[in-house]
Amino acid sequence: QKEVEQNSGPLSVPEGAIASLNCTYSDRVSQSFFWYRQYSGKSPELIMSIYSNGDKEDGRFTAQLNKASQYVSLLIRDSQPSDSATYLCAVSSAAGNKLTFGGGTRVLVKP
Amino acid sequence: KAGVTQTPRYLIKTRGQQVTLSCSPISGHRSVSWYQQTPGQGLQFLFEYFSETQRNKGNFPGRFSGRQFSNSRSEMNVSTLELGDSALYLCASSLAGQGAGEQYFGPGTRLTVT
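Residue numbers (this note's numbering), protein chains in the order written: chain V, 1 to 111; chain Z, 112 to 225.
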């Protein structure tokens with residue numbers, strides 16, 4: 001079993017719709033959770049961090065964390081073609097800055 | 112504020128050679144982490160340096176090593192290159208002392224081993 005799991009996609013959504021991405025993790029001591037966006041040929045770009053159970057909103061992005069279920073999600077509202085990218089879920093335990101990444105979900109936003 | 116910079120951006124090496132990659136973190140960031148990204152294995156953690164000390168290490172062979180200087184700049188070295196070392200090598204910097212903080216990635220070094 002992989003430590004951090006994501007559906008590889010592609011997740012195809014029409015422009016203006018909500019894209020919903022999911023991520024599960026296996027290490028119960030994980031404390032920090034991040035979402036990165038990676039365009040083809042580019043490096044990952046941090047879009048959200050979340051540390052406590054519940055929702056965190058930043059512009060069109062909302063991250064949701066449920067530590068009991070070991071589940072973190074990302075919602076992208078009003079999806080735009082520029083949101084087409086691979087979204088990486090990353091998890092860290094308390095032991096320093098080691099991030100464990102999921103395989104990523106490819107999102108395609110169609111005009 | 113300038114972002115994370117990595118040099119060189121592209122590198123072609125022959126099997127058996129060694130290579131050194133460089134990373135300059137965001138000003139004020141003292142933690143530097145290195146990752147390897149390949150199509151097959153995804154993003155994998157190599158090691159992390161904080162205040163010139165290796166604080167975490169991933170599951171990579173001893174051919175992969177790194178160091179950090181007093182100005183927080185970091186280098187990683189891969190000796191006796193193998194074809195499987197072809198990858199995008201990413202450096203990320205963070206303010207965090209204890210625990211995980213937000214990490215910001217540089218543009219990466221694309222290494223091709225022939």
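We treat Cβ as the ideally placed atom computed from N, Cα and C, and that holds for glycine.
Computed from a predicted model, the values in this text were never measured in an experiment.
- Taking a contact as a CB-CB distance under 8 Å, the pair F161(Z) and S142(Z) counts as one, their CB atoms being some 5 Å apart.
- Residue burial is scored here from C-beta neighbours: N66(V) has fewer than 16 other C-beta atoms within 10 angstroms and is therefore classed as exposed.
- Linking P10(V) to L154(Z) through their CA atoms gives a straight-line distance of about 18 Å.
- Taking C-alpha positions only, C134(Z) is separated from Q165(Z) by approximately 15 Å.
- At a cut-off of 9 Å between beta-carbon atoms, Y121(Z) makes no contact with chain V.
- S20(V): member of the beta strand (DSSP E) spanning 19 to 25, first to last residue.
- Chain order gives the chain V residues near G217(Z) as S43, where near means a beta carbon separation below 7 Å.
- In the displayed model, D55(V) falls within a strand according to three-state DSSP.
- At a cut-off of 9 Å, the C-beta of G102(V) has a neighbouring C-beta in chain Z.
- At a cut-off of 9 Å between beta-carbon atoms, K110(V) makes no contact with chain Z.
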